[in-house]
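Enquirer:
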Amino acid sequence: MEDELKKEERMSLHSHDSMDFNTKADFSDITVADLKELMKNRGVEAKEYLLSMGGLHSLVRKLHTSVEKGITGFPEDIDHRKRTFGSNVIPAKPPKTFLEFLVDAFKDTILIILMIAAVVSLLLGIFAPEDCGGHEDNTGWIDGFAIIVAVFIVAFVTAINDYQKEQQFRGLQSKIEGEHKFTVIRNGEPKEILNSEIVVGDLCQIKYGDLLPADGLVVQSNDIKVDESSLTGESDMVKKGDKDPLFLAGTHVMEGSGKMIVSAVGLNSQSGIIFSLLGAADVDKADGGEEAPPQSPGIKGASGSCDFEDVNLDDDKESSSENGKRKEEKQEKSVLQSKLTKLAVTIGWFGVAAALLTILVMVLQFSIRKYAMEKASWNNKHLNAYVNAFITGLTVLVVAVPEGLPLAVTISLAYSVKKMLDDNNLVRHLDACETMGNATAICSDKTGTLTTNRMTVVQIFVADTHYKSIPKGSELPTEVVEILCKGIALNSSYATNIMPPGPESRETLPTQIGNKTECALLGLILDLGDTYQYYRDNFPESSFVKVFTFNSARKSMSTVIKLKDGGYRLFSKGASEMVLKQCSHILDSKGTPTPFGRQDRENLAKNVIEPMASYGLRTICLAYRDFHPENDTDIDWDDEANIVTNLTCIAIAGIEDPVRDEVPDAILKCQQAGIVVRMVTGDNVNTARSIASKCGILQADKDFLVLDGKQFNMLIRDKAGRVNQKKFDEVWPKLRVLARSSPQDKYTLVKGIIDSKLNPAREIVAVTGDGTNDGPALKKADVGFAMGIAGTDVAKEASDIILTDDNFRSIVMAVMWGRNVYDSISKFLQFQLTVNLVAITIAFVGACTVEVSPLTGTQLLWVNLIMDSFASLALATEPPTEDLLTRKPYGRNKPLISRTMIRNILGHAIYQLIVLFVLIFKGDDLFDIEYGFEPTTRCKPTPHSAIIFNTFVMMQLFNEINSRMVHGERNVFKGIFRNPIFVGIFVGTFIVQILLIEFTGKAFHVHGLTWEEWMWTVFLGFSSLIWGQLVLTIPKNSFPKLCRFGRGGVPLATIVEPDGARDSRARILWIRGLTRLQHQIRVVNAFRSVIDGRSQRAIASPAVFNSLLAPVRTAMVIDENQYSLDR
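Following UniProt numbering, the numbering of the sequence shown begins with 1 at its first residue and continues without gaps.
1) On the three-pair Cβ rule with 8 Å, is the region 823–837 touching the region 780–791?
2) Here's a check: name, in chain order, each residue in its chain whose Cβ is nearer than 8 Å to the Cβ of Pro880, leaving out the five neighbours to either side.
3) Which residues in the same chain as Glu1028 place their Cβ atom closer than 6 Å to its Cβ, once the five residues preceding and following it in sequence are excluded?
4) Closest by CA to Ile359, which one among Phe390, Ala385, Arg369?
5) By the three-class DSSP mapping on this structure, what secondary structure does Arg887 have?
6) So, does the region 466–483 touch the region 410–420, judging by three or more C-beta pairs under 8 Å?
7) Please list the terminal residues of the continuous alpha helix (DSSP H) segment that includes Val676.
8) Using 7 Å as the threshold, is the C-beta distance between Gly487 and Leu604 below it?
9) List the endpoints of the continuous beta strand (DSSP E) containing Ser810.
10) Using 8 Å for Cβ pairs, my map puts Ile198 next to Asn88. What's the rounded Cβ distance?
11) Which residue spans inside the region 592–648 form an unbroken beta strand (DSSP E) run of at least 3?
12) Which residue or residues does DSSP assign as beta-bridge partners of Asp227?
13) Anyone know if the C-beta pair for Lys888 and Gly696 falls short of 7 Å?
14) Look at Gln842 and Leu916 and say whether their C-beta atoms are less than 7 Å apart.
15) Grouping DSSP H, G and I as helix and E and B as strand, with all else coil, what is Glu969?
16) Give me the Cα-Cα distance between Thr772 and Thr84, rounded to the nearest whole angstrom.
17) Using a Cβ-Cβ cutoff of less than 7 Å, which residues in the same chain neighbour Asp530 once the five nearest sequence positions on both sides are dropped?
18) Express the C-alpha separation of Met254 and Asn491 in angstroms, rounding to a whole number.
19) Which of the three DSSP states, helix, strand or coil, is assigned to Arg736?
20) Per DSSP, Arg717 is paired with what?
21) Count the other CB atoms, across all protein chains shown, that sit within 10 Å of the CB of Phe973; report buried if there are 16 or more and exposed otherwise.
22) Check whether the Cβ atoms of Gln912 and Met955 lie closer than 7 Å to each other.
23) Using a beta-carbon distance below 7 Å, is Asp793 in contact with chain D?
24) Would you kindly work out how many angstroms separate the C-alpha atoms of residue 1129 and Asp210, rounded to a whole number?
25) Report the partner residues of Ser556 according to the DSSP bridge assignment.
26) Can you name, in chain order, every residue of its own chain whose Cβ lies under 6 Å from the Cβ of Ile148, other than the five neighbours on each side?
27) To which residues of the same chain is Gly188 closer than 6 Å at the C-beta, ignoring the five residues directly before and after it?
28) If you check the beta carbons only, do Ser824 and Ser412 fall under 7 Å apart?
29) Between the alpha carbons of Leu996 and Phe1004, how many angstroms are there, rounded?
30) Taking Ala692 as the reference, give the member of Asp423, Arg762, Asp445, Glu166 with the closest Cα.
31) What would DSSP say about Thr451, mapped onto helix, strand or coil?
32) Specify, as a first and last residue, the run of the beta strand (DSSP E) that Val663 falls within.
33) Got a sec, what are the start and stop residues for the beta strand (DSSP E) Pro190 sits in?
34) Compare the Cα-Cα distances from Asp657 to each of Leu875, Ser576, Thr517, Asp793 and report the closest residue.
35) Could you check if Ser543 is buried or exposed, using at least 16 other CB atoms within 10 Å of its CB as the buried criterion?
36) In whole angstroms, what separates the C-alpha of Ile153 from that of Ile976?
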């Protein structure tokens, strides 16, 4: 078939044998409809349909491409292909305009009611003005007008915040989309391009872990297996080759490597067609207005899910009675959100109660005074009093309801996410940012995270000699050097290369491209004085007979080639213990194979492998085997057990991957912050122990455990092979290193720690991963970190944060930023609850005693604006400090409002209430002014009401400085100038307050103050700082633990699973089918809700939606639920 294909290529107008750069490719004999029809088929049907089109070679000819060199890649050809077959993008939904955000802000129910009441007040002020001291108050309409203006300002500020936030998240989405690149071969040269630049006819290189960016046809398959569950719902992996030649965009390559020719892109791919049907792609509006960054169909259609064994870790009485029928889904609400949701609801109910009581008291007082005591009859002007009571009650509710909480959370998270990008953390899910601040455990990979991931071979055992440094090629037998170099060159990915530094490059070392272990071995070839490209040119990948690609189960890779003089040779490389088990011979000092028995293997392990590992070196065994069958059909190349055996050991390479210089200090910071760091690696125990000691994970004076995967499973599983939580709890607290671990072991470790109840505060676990099979552990963890450089697309899709530099130090920065988010919210809460308590008490008590609220509706709306929008911006943008890493994590169950915060809230609220009540009842005597709450004066602006209002605002302003510290620190000014936003808002609010007092008059029910009055009100505000120092002298333990508030406890969702062995096959299939149908319905609902602009809460399962749109989840969730914490 290959000969036929090359013959067809030579006939092609744009073949590389007769390239005509000036001739435009003619696609008249193939259309988009033809390619769509082809891609609709599956399995054998696809193969038959392809044959009906003339076969693969005919299609390649029609697409004017090459199975070895791809398309030409010159700009005219790329543009022509895009015009003919479409671009590889799915147009995103246009972002909301500022006007739409403004309309959304006005949809707030409370603001609507307040607007209606303000309009009624405005009309009454014009047509039925209130009596004021015996004469009509002709300026009564100003109250209603001022409230309308205030509502507009509140809505405007809200819309501006939301609009800016949306723009920021769009930028984040663009950043995530920009991270997705794919390797294509154009004009014979491999190059990485953005997914959106892939065109029909491109020759793509595929490797395990890739998320396919377009539909295509198999050209070369080295044992490729694909997870197509995101499109078909089938959980079983599908093997790609002659029997099933089609690849689909958005599916994950779980095993193998190979090449494909792209046949459909963008809206013409199968996933693009589905999105078009669901309405996710607004094709008609593709050219109109400013749009969100378009997504490639591979990213849009990815579910990021992969099946994994569910490990039952619950062996207590309750769980055993359920026989493992239930399992927990990953928590949809983060730790902070869970606590804030309960807190916001509770405060909201208090606010509703206070508002109703205020309205009731003011209405009863007026009615009793007018109709019972003064015996007055009904007058339309009396309606003013009732409307004012209603407006006052509503403004109390506006102040009380903590709508600033979601805003503060969003601003803090958005600010942190933006800054974390500078610290090499690309946050995909906003919740992960603050969850990381509470992490108690980090399960980290070794390679690339704790180490530099720049690998070099520094020791080698070859020709029966252990060399502590790499020998020259001339020192070894020629036959050994040739077979060693040939085996390394051919039995590795051809995408892996070593590039010498360019003449203008600042780098002095060669650049390693591709798999770093393979790069180290290719470097060994160069050190021996040979070249790997020579062997690759003589044996192109298309000539390979069979490839057993590396995976976590094999821990090895093997390639079979056909020898020129007849017969076949298999080259194998992998973990030394695994490959040596399959060796029956070894090359001696002369390069001659000699028998290699069990005792020889043990001696080699003791004298070579263990000493290498004790230096922290990874040991890789290189081997080969020759086959000389009488007939080619005598060998079943798929029978791996009988093929990869009876090997001859060539050499054992010791690869050094140095620990990053900054890692020991970063791990020490984690330990000081109360976070336990565990290393989970595939290396052997000795290598892992050595690296862990260098990093500081293992300490000489501590009794820590170092286990390999087998020992770990023996200790935690019962006789039936199930994980026992009690046994697990005996192991994990001391476990620091898990070596020779599989992805299943990592998942078991993460799930077991999360489920453990040894720690009353419960553990919050972060995990790093880079491989395809790390997906389940990354999803199970509270925070999953994927490697941005070495990580596969599958790992990235399953993660919450991508480390763009693969460095452990960046995880420590994520911890610091996460804690900063938690503290920022705590600061805002401390400030807001103080204002809430004081404002509600003043309004209610004032209504009961002086028959009106001392703070009018417009004044309360201004306070609400200061408290909700400006304070959230000021306090939520505090930069983090190293001090954040000196305290222990909060944990899942720690109350959000600590006793320290309760002390501060109550202390400042009591002080402010005392000052304000003194001013209300004695302020006229103290300042020698007219009493402002007489029946003849309370309906007009007075200096008395101005002093009360100004003092209240000043105390809030200076208390904002107090609120910067929530852990009992005395220096509240520390680092204040590191936050220019805080300083700007403080000064700006002060200036606006001066303007309100001096120039607004009736609108804010105030009167201009004298210099003396100004000095006193500012001094009373400043005294909050002095009072704050006195409050700090009160021991926090004087408040009982019951005073703490905002404890987490949002229950996790559960789903019913079949009961394993006791369920019939039919029942399992029935439940699978039912679940799949439910998921499909939920997906449809999810996209409908996005297109209709409805709330995300209408979606049946957020988990389904978030897994489908993981890269764009941040923008969409924030966009639709800007004031919701219940997603």
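Ideal Cβ positions, reconstructed from N, Cα and C, are used throughout, including at glycine.
Expert: In terms of the structure at hand:
1) no
2) As a first step, residue 880 must be located in the sequence shown, where it is residue number 880. Taking C-beta separations shorter than 8 Å and ignoring five residues to either side along the sequence, the partners of Pro880 in its chain run Met816, Trp817, Arg819, Asn820, following chain order.
3) Mapped onto the sequence shown, residue 1028 falls at position 1028. First, the residue type needs correcting, since residue 1028 is Gly and not Glu in the sequence shown. Taken in chain order, the residues that qualify are Asn962.
4) Here residue 359 corresponds to residue number 359 of the sequence shown, with the count starting at 1. Ile359 has its Cα closest to that of Phe390, out of Phe390, Ala385, Arg369.
5) The sequence position of residue 887 within the sequence shown is 887, counting from 1. The answer is coil: DSSP assigns Arg887 none of H, G, I, E or B.
6) no
7) Along the sequence shown, read from residue 1 onward, the residue named residue 676 stands at position 676. Looking at the DSSP string, Val676 is not in any alpha helix (DSSP H); the run it does join, the beta strand (DSSP E), is 676–680.
8) Here residue 487 refers to the residue found at position 487 when the sequence shown is read from its first residue. Here residue 604 refers to the residue found at position 604 when the sequence shown is read from its first residue. Their beta carbons are not under 7 Å apart, which means Gly487 does not touch Leu604 by this criterion.
9) Looking up residue 810 in the sequence shown gives position 810. Per DSSP, Ser810 belongs to no beta strand (DSSP E); it is in the alpha helix (DSSP H), 808–849.
10) For the purposes of this step, residue 198 is taken as the residue at position 198 of the sequence shown. For the purposes of this step, residue 88 is taken as the residue at position 88 of the sequence shown. Rounded, the Cβ-Cβ distance is 5 Å, consistent with contact.
11) With a minimum length of 3 residues, the continuous beta strand (DSSP E) runs that stay inside the region 592–648 are 593–595, 618–627.
12) Indexing the sequence shown from 1 puts residue 227 at position 227. Answer by DSSP bridge pairing, in chain order: His252.
13) If you number the sequence shown from 1, residue 888 lands on position 888. If you number the sequence shown from 1, residue 696 lands on position 696. No, the Cβ-Cβ distance between Lys888 and Gly696 is not below 7 Å.
14) Indexing the sequence shown from 1 puts residue 842 at position 842. Indexing the sequence shown from 1 puts residue 916 at position 916. It is Ile, not Gln, that sits at residue 842 in the sequence shown. Yes.
15) Taking the first residue of the sequence shown as 1, we reach residue 969 at position 969. If DSSP states are grouped into helix, strand and coil, Glu969 belongs with coil.
16) Working through the sequence shown from its first residue, we reach residue 772 at position 772. Working through the sequence shown from its first residue, we reach residue 84 at position 84. Roughly 35 Å separates the two Cα atoms.
17) Indexing the sequence shown from 1 puts residue 530 at position 530. Answer for Asp530: Gly473, Val481, Cys485, listed in chain order.
18) Position 491 of the sequence shown, counted from the first residue, corresponds to residue 491. Position 254 of the sequence shown, counted from the first residue, corresponds to residue 254. If you take the alpha carbons of Asn491 and Met254, they lie about 20 Å apart.
19) The count along the sequence shown starts at 1 and reaches residue 736 at position 736. Three-state DSSP puts Arg736 in a strand.
20) In the sequence shown, counting from the first residue as 1, residue 717 sits at position 717. Val723.
21) Translated into positions along the sequence shown, residue 973 becomes position 973. Classification of Phe973: exposed, given that the 10 Å Cβ count is below 16.
22) Residue mapping note: residue 912 aligns to position 912 of the sequence shown, counting from 1. Residue mapping note: residue 955 aligns to position 955 of the sequence shown, counting from 1. Pairing Gln912 with Met955 gives a Cβ-Cβ distance under 7 Å.
23) Checking the listed chains, one finds no chain D in this structure; it contains a single protein chain.
24) An answer regarding residue 1129 cannot be provided, because it is not within the stretch 1 to 1127 covered by the chain.
25) As a first step, residue 556 must be located in the sequence shown, where it is residue number 556. Note: Ser556 sits in a beta bridge opposite Gly574.
26) Here the question's residue 148 lines up with position 148 in the sequence shown. The answer, listed in chain order, is Ala118.
27) Looking up residue 188 in the sequence shown gives position 188. Closer than 6 Å at Cβ, skipping near neighbours: Lys69.
28) What you label residue 824 is simply residue 824 of the sequence shown in a count that begins at 1. What you label residue 412 is simply residue 412 of the sequence shown in a count that begins at 1. Yes. Within cutoff.
29) Here residue 996 refers to the residue found at position 996 when the sequence shown is read from its first residue. Here residue 1004 refers to the residue found at position 1004 when the sequence shown is read from its first residue. Approximately 7 Å, taken between the alpha carbons.
30) As a first step, residue 692 must be located in the sequence shown, where it is residue number 692. Among Asp423, Arg762, Asp445, Glu166, the Cα nearest to that of Ala692 belongs to Asp445.
31) Numbered from its first residue, the sequence shown carries residue 451 at position 451. Judged by DSSP in its simplified three-state form, Thr451 adopts strand.
32) Residue numbering aside, residue 663 sits at position 663 when the sequence shown is read from its first letter. Taken as a continuous stretch (DSSP letters only), Val663 belongs to no beta strand (DSSP E), being part of the alpha helix (DSSP H) at 663–672.
33) For the purposes of this step, residue 190 is taken as the residue at position 190 of the sequence shown. Pro190 -> beta strand (DSSP E) spans 189–194.
34) Counting from 1 along the sequence shown, the entry for residue 657 is found at position 657. The shortest C-alpha separation from Asp657 is found at Thr517.
35) One-based indexing of the sequence shown puts residue 543 at position 543. Under this definition Ser543 is an exposed residue.
36) Within the sequence shown, the letter at position 153 stands for residue 153. Within the sequence shown, the letter at position 976 stands for residue 976. Taking the straight line from one Cα to the other gives about 28 Å.
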